[in-house]
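Using the UniProt record's numbering, read the sequence shown as starting at 1 and increasing by one per residue. Even glycine gets a Cβ: it sits at the ideal position worked out from N, Cα and C. Fair warning: this is a prediction, and the values are worked out from it, not measured in the lab. Take a look at the structure below.
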Amino acid sequence: MGLKQGVINTDITHLNEVGQQQAQKLADNFDISFADRIICSPLERTAHTAKILNAGHDLPITYDQRLLEISYGQWDGKKNTELREKYPDVFNTYWNDVLPDYVKYASKGEKFETVVDRVDGFLKETVEKYPDEKIIVVTHGFTVKAFALDVLRPSDLMSLPEPRNTSVTKLIALSTDETYLEYYNQIFS
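Here you go:
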């Protein structure tokens, strides 16, 4: 799409035909029969993905605000190419994405660390609330990256790329203090 979608929840960020095809391909190739529930970001694009993934399984789906995509503040809805041209000093040339200090230009932009803390709270609460359940989380690219950063705690927040659309990342949470990243950004096809 080429936009900083962030927390925009309008027609420009809902699943288009390609997004629906990607979600259906995931549903066709990723067996979710192991799961007890789905917890999802409340944005329409993730809710629609969860519905496609859950077709025929009827798992309970709940929504949690902490699973929202990073808010890029005034940059939400802006084209990546235009932002990169205007603010090249806050774009990583390798990943072609914003660096953590993008917030110096994006009024009301959410800090990377804030998203990592947000998902850390979600993860700990979910492990306590559902200690024996296997849960599918349907969320957004940067939010998935934040989960991985929370588990790995690298010194460089740019050490991981944002995962591809409809990729799967598997975290194993044995307790609130013992969490592992089994795989990241895996495509099921």
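In the DSSP assignment, Thr169 falls within the unbroken beta strand (DSSP E) covering Val168 to Ser175. In the three-state reduction of the DSSP assignment, Asn29 falls in the helix class, which pools H, G and I. With contacts defined by Cβ atoms closer than 8 Å, Glu69 and Val137 do not form a contacting pair. Contact between the stretch 123-141 and the stretch 30-46 is present: three or more C-beta pairs spanning the two stretches fall below 8 Å. Note on geometry: alpha-carbon atoms of His48 and Leu15 lie some 7 Å from one another. Here Lys129 is exposed, its C-beta having fewer than 16 other C-beta atoms within 10 Å.
Closest by C-alpha distance to Lys104, out of Val90, Lys86, Gln22 and Asp76, is Val90. Between the alpha carbons of Leu160 and Ser167 lies a distance of about 14 Å.
Under the Cβ criterion (8 Å, minimum of three pairs), the stretch 118-126 counts as touching the stretch 55-68.
Counting only runs of at least 4 residues, the stretch 52-100 fully encloses the following alpha helix (DSSP H) elements, listed from N- to C-terminal order: 80-86. According to DSSP, residue pairing for Val137 in a beta bridge involves Ile39.
For the 8 Å CB-CB criterion, Gly73 and Ala106 form a contact. Residue pairing of Thr179 in beta bridges, as defined by DSSP: Ala173. The closest CA to that of Lys134, considering only Lys4, Pro60 and Phe112, is found on Pro60.
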